[in-house]
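A short worksheet on the structure shown next.
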Amino acid sequence: MKKNLSFFLLIVFGLLILIYSKGCSNTATIPLKRNAKLEDSIRTYNYDTIKFARSSSKNSIPIVKLYLGFYGKKYFIIDTGATVSIIDSGWINDHEDLIEYIRKTDFMRLQSFSEKTSSNISYIMGLPINGVLHEFVMLDIQSLRENCRLSGYDIIGILGSDFLSKNKYIIDYNKRCLYRSTTSVKN
C-alpha cells in the first residue's frame with residue numbers, strides 16, 4: 005500500500021512538472037560522443053567543479069551538495085528534464101525565516117491518470133545557492149525525500165535546467181561532476 009502511494013505521488017509529481025513546464029526549448033543538448041571542443045573549453049575557461057555525492061551506481065541520479073546561504077550545505081537532485089527548480093514545501097515551512105521569500109502564488113489544475121486535482125503553486129524568490137540567488141517552485145516532495153533518505157541523502161530540492169543554464173553548468177556523467185563557467189564566453 006505504501007509503495008503504491010509513493011508511486012502514485014511520483015506520477016502526480018511528474019505530471020505536475022510536465023504540465024507546468026510547457027516545453028523545454030531553452031535547454032542545452034549534451035552530445036553523446038566525446039567532444040574535444042567542449043573538453044577544451046572546460047580546460048580553457050575558469051570552471052568551478054562540483055562533484056556528485058557518492059552513490060553505489062555510476063548510473064544513479066546525480067545528487068550534489070551545495071551551500072544554501074547560512075543553512076550550510078544541503079543536498080539537491082540534478083534533473084535536466086525539470087524545466088524549473090523545486091524546493092520542498094515542508095522544508096520551507098520548517099524554516100519560518102524563509103517564508104518571507106514567498107513572492108507569488110498561482111493556482112493550477114492538474115490531471116493524473118486517475119483523478120483531477122487542483123493545487124496552489126508558490127514561488128520562492130532569491131534563495132542563495134552557492135552564492136547565486138535562484139528562484140524555486142515550492143512543492144511537497146516529501147515522498148521523494150523519504151526515498152532519498154533511505155539511500156543516505158537528505159535532499160531538500162531538485163535543481164532543474166533553469167538552474168543549470170542560468171549558471172552555465174555543464175554535466176559530466178562519466179566524471180560525475182558539474183562544471184560551471186565563471187567567465188563569459190564570447191560567440
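Following this note's numbering, the numbering of the sequence shown begins with 5 at its first residue and continues without gaps.
Glycine is no exception: its CB is placed at the ideal position from the N, C-alpha and C atoms.
Whose CA, out of Ile174, Ser155, Tyr183, lies closest to the CA of Ser65?
Residue mapping note: residue 65 aligns to position 61 of the sequence shown, counting from 1. The amino acid at residue 65 is misidentified as Ser; the sequence shows Ile. Check the Cα spacing between Ile65 and each of Ile174, Ser155, Tyr183: the tightest is with Ser155.
With a Cβ-Cβ cutoff of 8 Å, do Pro132 and Gly73 count as a contact?
The residue labelled residue 132 in the question sits at position 128 within the sequence shown. The residue labelled residue 73 in the question sits at position 69 within the sequence shown. Their beta carbons are under 8 Å apart, which means Pro132 touches Gly73 by this criterion.
Mapping the DSSP letters down to three states, classify Tyr49 as helix, strand or coil.
As a first step, residue 49 must be located in the sequence shown, where it is residue number 45. With a pLDDT of 47 at Tyr49, under the threshold of 50, the modelled position of that residue is not reliable, and the figure given next carries that caveat. Looking at Tyr49 - three-state DSSP - the assignment turns out to be coil, as it is neither helix nor strand.
Relative to the C-alpha of Ser185, which residue among Asn178, Lys172, Asp176, Tyr177 is closest?
Counting from one through the sequence shown, the residue named residue 185 turns up at place 181. The shortest C-alpha separation from Ser185 is found at Lys172.
Considering only their Cβ atoms, is the gap separating Phe140 from Ile91 smaller than 8 Å?
The residue labelled residue 91 in the question sits at position 87 within the sequence shown. The residue labelled residue 140 in the question sits at position 136 within the sequence shown. For Ile91 and Phe140, yes; Cβs fall inside 8 Å.
Roughly how many angstroms separate the alpha carbons of Gly130 and Leu137, rounded to a whole number?
Within the sequence shown, numbered from 1, the residue matching residue 130 stands at position 126. Within the sequence shown, numbered from 1, the residue matching residue 137 stands at position 133. Inter-residue distance for Gly130 and Leu137 is about 5 Å (C-alpha atoms, whole angstroms).
For Asp83, count the other beta carbons within 10 Å of its own beta carbon; 16 or more makes it buried, fewer makes it exposed. Which is it?
Counting from 1 along the sequence shown, the entry for residue 83 is found at position 79. Residue burial is scored here from C-beta neighbours: Asp83 has at least 16 other C-beta atoms within 10 angstroms and is therefore classed as buried.
Candidates Gly85, Ile54, Ala86: which alpha carbon is nearest Tyr71's?
Position 67 of the sequence shown, counted from the first residue, corresponds to residue 71. Checked all of Gly85, Ile54, Ala86; the closest Cα to Tyr71 is Ile54.
Let's test the definition: count the other Cβ atoms within 10 Å of the Cβ of Tyr79 and tell me whether it reaches 16, buried, or not, exposed.
By one-based count along the sequence shown, residue 79 stands at place 75. Buried, because 16 or more other Cβ atoms sit within 10 Å of the Cβ of Tyr79.
Beta-carbon separation of Ser89 and Leu143 under 8 Å?
Here residue 89 corresponds to residue number 85 of the sequence shown, with the count starting at 1. Here residue 143 corresponds to residue number 139 of the sequence shown, with the count starting at 1. With respect to Leu143, Ser89 sits apart: the two C-beta atoms are not nearer than 8 Å.
Expected contact under 8 Å - CB spacing of Val68 and Leu182 to nearest Å:
If you number the sequence shown from 1, residue 68 lands on position 64. If you number the sequence shown from 1, residue 182 lands on position 178. The pair is a contact, with the Cβ atoms about 6 Å apart (cut-off 8 Å).
Can you find the residues in the same chain that come closer than 8 Å, C-beta to C-beta, to Cys152, ignoring five residues on each side of it along the sequence?
Counting from one through the sequence shown, the residue named residue 152 turns up at place 148. Answer for Cys152: Ile67, Tyr79, Ile81, Asp158, Ile159, listed in chain order.
DSSP state of Ile96, grouped into three classes?
Within the sequence shown, residue 96 is the residue found at index 92, counting from 1. Of the three classes helix, strand and coil, the one that applies to Ile96 here is helix, per DSSP.
Distance check for Ser169 and Ile175, CA to CA, integer angstroms please.
Start at 1 with the first residue of the sequence shown, and residue 175 comes out as number 171. Start at 1 with the first residue of the sequence shown, and residue 169 comes out as number 165. The alpha-carbon atoms of Ile175 and Ser169 are separated by roughly 11 Å.
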